[in-house]
Amino acid sequence: MAYFITILAVITTLGISTSEAVNAVKVAAFNVQVFGQTKISKNNVRDILVKIINRYDIILIQEIRDSGEDAIKILLENVNNFAKSSGSSEYEMIVSERLGRSVSKEQYAFIYRKSITTMKANYTYVDKNDDFEREPFVVHLHVPSAAVSELVFVAIHTKPDDAVREVDKLVDVYDDVIKRWEIKNIVIMGDFNAACSYVRDTEWKNIRLANDKRFWWLIDDCQDTTLKGSRCAYDRYYRATTTVKGSRCAYDMYILPCYNTYYHIERFKMCL
1 MAYFITILAV
11 ITTLGISTSE
21 AVNAVKVAAF
31 NVQVFGQTKI
41 SKNNVRDILV
51 KIINRYDIIL
61 IQEIRDSGED
71 AIKILLENVN
81 NFAKSSGSSE
91 YEMIVSERLG
101 RSVSKEQYAF
111 IYRKSITTMK
121 ANYTYVDKND
131 DFEREPFVVH
141 LHVPSAAVSE
151 LVFVAIHTKP
161 DDAVREVDKL
171 VDVYDDVIKR
181 WEIKNIVIMG
191 DFNAACSYVR
201 DTEWKNIRLA
211 NDKRFWWLID
221 DCQDTTLKGS
231 RCAYDRYYRA
241 TTTVKGSRCA
251 YDMYILPCYN
261 TYYHIERFKM
271 CL
């Protein structure tokens, strides 16, 4: 059976109560799988992407593969046209440089609602030891409506065969953020490929990110973030903070499970 894309999203309440969650900042991580000219040129695909993005205040787009770097700009234009037509706030975007060891390079993009979020700073992690296939992209956002107004998001899309090492090395990325900005309210998110054959249960004991007490899991091992027959929690959120505490359980007061949403190709009649 053919499947489309996986979007893994949470409402991060950032310290407010569950009863106030309707006003929470909505954050998503979205691996669009080889997003480039082919996908953006398909009207039905583009329209669905636009509607998905408009559901969130901050969304990480992964696996942008477009040497001309035009597809993501076209997407943002369409996102804003939809936002204006529906009376919503428009979006801005920050895009990483093209990353990867091979000829097939990828970019990360953070698309965020202007009325809620301001970009303060960003950088691509300096990977001196070449630990990552695609270096993490780090952004510092000011979100005045949240209980924790200064937030850092770290985007990562690991190489599946190197997932154990790359997920472990994300602790070094966290330490680098602390050294640079002295901000400890950090969310690491994206397609970790952190499950099933890529990261086996016996390997977690050797992965610092899973054992360091500074980090809380927002998506646990038992969740399924794929649309295939297997049950694999490839996509993850980790929170590191001194202000807001979560747990390894995916569904605590900080996470609303109804926003873990997956989209099926047959549902939207897409031709990919």
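Under UniProt numbering, the letters of the sequence shown match residues 1 to 272, in that order. Here a beta-carbon is modelled for each residue, glycine too, at the ideal position from N, C-alpha and C.
(message) Just verifying my parser: in three-state terms, what is the DSSP assignment at Thr-124?
(response) strand
(request) Identify the continuous alpha helix (DSSP H) that holds Asp-175 and give its terminal residues. (result) 163-181
(request) Can you tell me which of the three DSSP states Lys-184 falls into? (result) coil
(message) At the level of alpha carbons, what is the spacing between Arg-208 and Asn-81?
(response) 43 angstroms
(message) How far does the alpha helix (DSSP H) with Phe-82 in it extend, from its first residue to its last?
(response) 71-85
(message) Going by DSSP, what residue range makes up the alpha helix (DSSP H) through Leu-209?
(response) 208-211
(request) Could you tell me whether the segment 56-63 touches the segment 21-39, using the rule of 3 or more Cβ pairs below 8 angstroms? (result) yes
(request) Spell out a yes or no on whether the segment 129-143 and the segment 160-175 are touching, meaning 3 or more CB-CB pairs, one atom from each, closer than 8 angstroms. (result) yes
(message) If contacts are defined as beta-carbon pairs under 8 angstroms, then Tyr-125 and Tyr-112 qualify, I think. What distance do you get, rounded to the angstrom?
(response) 20 angstroms between Cβ atoms; not a contact.
(request) Specify the secondary structure class of Val-34 as computed by DSSP and reduced to three states. (result) strand
(message) Within 10 Å of its beta-carbon, does Asn-44 have 16 or more other beta-carbons around it, so buried, or fewer, so exposed?
(response) exposed
(message) Determine whether the beta carbon atoms of Ala-163 and Asn-193 lie at a separation below 8 angstroms.
(response) yes
(message) Going by DSSP in three states, Lys-105 sits in which element: helix, strand or coil?
(response) coil
(message) Could you compute how far the alpha carbon of Ile-127 sits from the alpha carbon of Arg-101?
(response) First, the residue type needs correcting, since residue 127 is Asp and not Ile in the sequence shown. When rounded, the distance between both Cα atoms is 12 angstroms.
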